[in-house]
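Below is one structure; the comments refer to it alone.
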Amino acid sequence: MPLLSSIINNPAGSKPHQPLIILQSSSAQTCIPVLRTLISNFRLDTQALLFCFLHRPSSLTNIDIPTVTAFDLTGRIPGYDDAWCDPQDEILARVRSAPPGALHVIIDSVDTLASDIGSTPKAYKLIQTLLGLITTRSEPSFLVLHLQPCPVLELLTQTSLSPTLVHLTAHSPAIIMHLSSAYSTPPPPAGPAEKFWSVFIPFSERTHESERLVYGPEGNGTSAGVWAGKDTREFVVEVLVRGGSRRGVERTVEGWRGDVPCDLCALESLKNLWYRRKAEEARPDPTQNVSFNLNLTPSQEKSRAQVPLPYAHEGKPVTTAGAILYDPDSADDIDDDDPDEDLDI
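Below is the structure:
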């Protein structure tokens, strides 16, 4: 089963248990469809607390599900709400008072929470405390954080907070197509993984590049994803799992179509990439089906490299700056006479 499907469909089945799940959006591509599907796949015998600072609860989950308790904090804005108070104590009190058993805590979004609090260290400390409360429960529980790139993100991905981590980042398919055409680095299996990641990671971290591809003259102008049908949008998800079954870091890039994960090859927006790859593989080799061999064996290549080049000045040091070295041809008339001496000037 692909890595993204296993995380979305059965997050509790990962070994070892991954209590921290980070879903990262950007102005170029939202990760909300992934968050919505993840919440809907929680087991019905588990409790979930959803704290919304950016999106309405109705846009993230079915509010009629009895196991999901949503807290709409989108209307509490510091400086605009006279009754605003720091939400940290309320969040901690709700988590501590939850009944025993599996408990999933979802925060949308951490960057908005940090902005409301007005302190990145305070936001990080709150997340650290919540993760401690989650990991001490007897049943597998999760802390799901949705956010956009912000100062607290770098702190949340450190091993000092959690040695295990699931980090899902949404990207526009335009990035994949751009890297394939401009840098000749298609994603695996169309190209080597090492070459792809060496270009993809630094490029995707430059958010202005992604925004230019989406909102520029040739972009689709929306962060919801590329239209694949009348009611279906699709995008790309970068999956990073730290401390999984291999006790290392697994990284892959997969597709998302509508409300479910899929293989990259299933994305309509990337179909030209695979057609181009197949055309290159089907291109005939000009060295095949000829009556003579155009290739050299290793011993022949070694012998050719040892042949001295017939340069008259090879090995002679040049002592004069700007000197011109010339080997005369057999037909050249080289002498010291004036070539124009027969002219009556």
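With the working numbering, the residue at position 186 of the sequence shown is 190, and numbering never jumps. From the three backbone atoms N, C-alpha and C, an ideal C-beta is built for every residue, glycine too. Since this is a predicted model, take the numbers as computed values, not measurements.
Q.
Which same chain residues end up closer than 6 Å to Arg100 when comparing Cβ atoms and leaving out the 5 residues on each side of it in sequence?
A. none
Q) For Pro302, which residues does DSSP report across the bridge? A) DSSP lists no partner for Pro302.
Q: Keeping to the same chain, check which residues put their C-beta closer than 6 Å to that of Pro155; ignore five residues upstream and five downstream.
A: Thr124
Q. Helix, strand or coil: how does DSSP classify Pro265 here?
A. strand
Q: State the start and end residues of the unbroken beta strand (DSSP E) segment that holds Ala74.
A: Val72 to Asp76
Q: With a floor of 4 residues, list each alpha helix (DSSP H) that falls wholly inside the region 149-207, ordered by position along the chain.
A: 155-160 and 177-186
(Q) Please report the straight-line C-alpha distance between Pro302 and Pro196, rounded to a whole angstrom. (A) 25 Å
Q.
Quick check: the region 73-87 against the region 42-49, are at least 3 beta-carbon pairs closer than 8 Å?
A. no
Q) Taking one C-beta from the region 263-277 and one from the region 162-175 each time, how about it: are there three or more such pairs within less than 8 Å? A) no
**Q.** 7 Å CB neighbourhood of Leu8 in its chain, flanking five on each side removed
**A.** Val241, Val243, Glu258 and Pro265
Q: Could you tell me which residues DSSP pairs with Phe239 in its beta bridges?
A: Trp260
Q. Should Val294 go down as buried or exposed, given a rule of 16 or more other Cβ atoms within 10 Å for buried?
A. exposed
Q. If you draw a straight line from the alpha carbon of Leu53 to that of Thr133, how long is it in whole angstroms?
A. 15 Å
Q: Identify whether His212 lies in helix, strand or coil by the three-state DSSP scheme.
A: helix
Q: Verify whether the separation of the beta carbon atoms of Gly225 and Arg237 is less than 8 Å.
A: no
(Q) Within 8 Å, do at least three Cβ pairs link the region 143-161 to the region 14-30? (A) yes
**Q.** Counted within 10 angstroms of its Cβ, other Cβ atoms place Ile200 as buried (16 or more) or exposed
**A.** A small correction: the amino acid at residue 200 is Phe; Ile does not occupy that position in the sequence shown. The residue in question, Phe200, is buried, as its Cβ has 16 or more Cβ neighbours within 10 Å.
Q.
Rounded to whole angstroms, what is the Cα-Cα separation between Arg308 and Asp333?
A. 26 Å
Q) Are Thr71 and Gln51 close, meaning C-beta to C-beta below 8 Å? A) yes
(Q) For Gln28, count the other beta carbons within 10 Å of its own beta carbon; 16 or more makes it buried, fewer makes it exposed. Which is it? (A) buried
Q) From Ala16, Ile67, Pro20 and Ile12, pick the residue whose C-alpha is nearest to that of Pro37; which is it? A) Ile12
Q | First through last residue of the alpha helix (DSSP H) which encompasses Gln132 | A | Thr124 to Thr139
Q.
Taking the alpha-carbon of Thr189 as reference, which of Ser176, Leu172, Phe207 and Thr173 has the nearest alpha-carbon?
A. Phe207
Q: Return the residue from the list Asn66, Ser164, His182 and Ile67 that minimises the CA-CA distance to Ser273.
A: His182
**Q.** Candidates Val114, His150, His108 and Thr41, of which the one nearest Thr139 by Cα
**A.** His108
Q | Ala118, DSSP secondary structure in three states | A | helix
**Q.** Given Ile179 as reference, the closest of Asn299, Ala32 and Pro6 once Cα atoms are compared
**A.** Ala32
Q.
Do Phe239 and Pro177 count as a contact pair if the criterion is CB distance below 8 Å?
A. yes
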